[in-house]
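Residue numbers are given in the UniProt record's numbering: position 149 of the sequence shown equals residue 149, and the series is strictly consecutive. Written out below as structure tokens is the structure these notes cover.
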Amino acid sequence: MRVTHLGHACVLVESADRRILIDPGNFSSGFEELTGLDAIIVTHNHPDHFDPERAPQLVRANPGTPVHTDPLTAEALRAEGLAVVPTQQGGSFTIGDVTVEPVGELHAFNHDKMARIPNVGVVLRADGEPTLFHPGDAYDADPGPVDVLAHPLNAPWAASRDSIAFVARIAPKTFIPIHDGLLSPAGRKMYAGHILQFSGVDGLDYVDLRDDESATF
């Protein structure tokens, strides 16, 4: 499995001969040029995960590519005349030999004046490949055993203690940073270092993928 970090929460996952793009948002770059995708997945309808201008253009540039999104994003794409399949927890589907399991239901709590919207993370599994979990913007889902965690490293809704506890609970073999668009290099190093130091996960590996960088697992 090869993972390319296209900035902030956007990753391109290449697994079992399939190319799956997750969360093309407005903090990310390069995704709008992608063609030949096998699936496009959106976890929730915030612009840093679903760019309301460039993401629909991406869908049009990949005709016939299945698009799976949370219910709110599905409404937005359908309003533009685009085909989309709403995802919900428990409604697994396949992209070739890759099984995608949607997990979670709601975005993490921000504050009383900001409504919680649907947030559906995804677990990608394929025989002979590592398992990857992209949670979107929430720390409460239960994905089962995970090899690679795309971990939201920093967010307005996330305290460092919650981030550390999330990684401790999921206990992946490896975590890569996502939701890192607001961090300076020093902040990025600090947040990742706290997870490595305090999560208590034996043998935990951190692969520091920066924008446009890839790693094979």
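Every residue gets a Cβ at the ideal spot worked out from N, C-alpha and C, and that includes glycine.
Asked, Found
"Other residues of its chain near alanine 141: CB distance less than 7 Å, five sequence neighbours each side excluded", "Val103, Gly104, Gly121 and Pro135"
"Proline 185, enclosing alpha helix (DSSP H) - first and last residue", "185-198"
"Span separating the alpha-carbon of glycine 36 from that of asparagine 62", "6 Å"
"Bounding residues of the alpha helix (DSSP H) (the contiguous stretch that carries phenylalanine 166)", "160-170"
"Inter-residue spacing [alpha-carbon to alpha-carbon] between glutamate 65 and alanine 76", "The sequence given here has threonine at residue 65, not glutamate. Roughly 17 Å separates the two Cα atoms."
"For phenylalanine 31, the three-state DSSP class (helix, strand or coil)", "helix"
"Proline 56 (DSSP reduced to helix, strand or coil)", "helix"
"contact_flag[the stretch 124-134, the stretch 81-88] where n(CB pairs < 8 Å) is 3 or more", "no"
"Pair within 8 Å by beta-carbon distance, valine 201 and threonine 174", "no"
"Rounded straight-line distance, which links the Cα of leucine 204 to that of alanine 171", "8 Å"
"Cβ neighbour criterion (16 or more within 10 Å) applied to methionine 1", "buried"
"Limits of the alpha helix (DSSP H) - the one that glutamate 75 falls within", "71-79"
"Local conformation of alanine 141 per DSSP, three classes", "coil"
"Tyrosine 139 beta carbon less than 8 Å from that of serine 160", "no"
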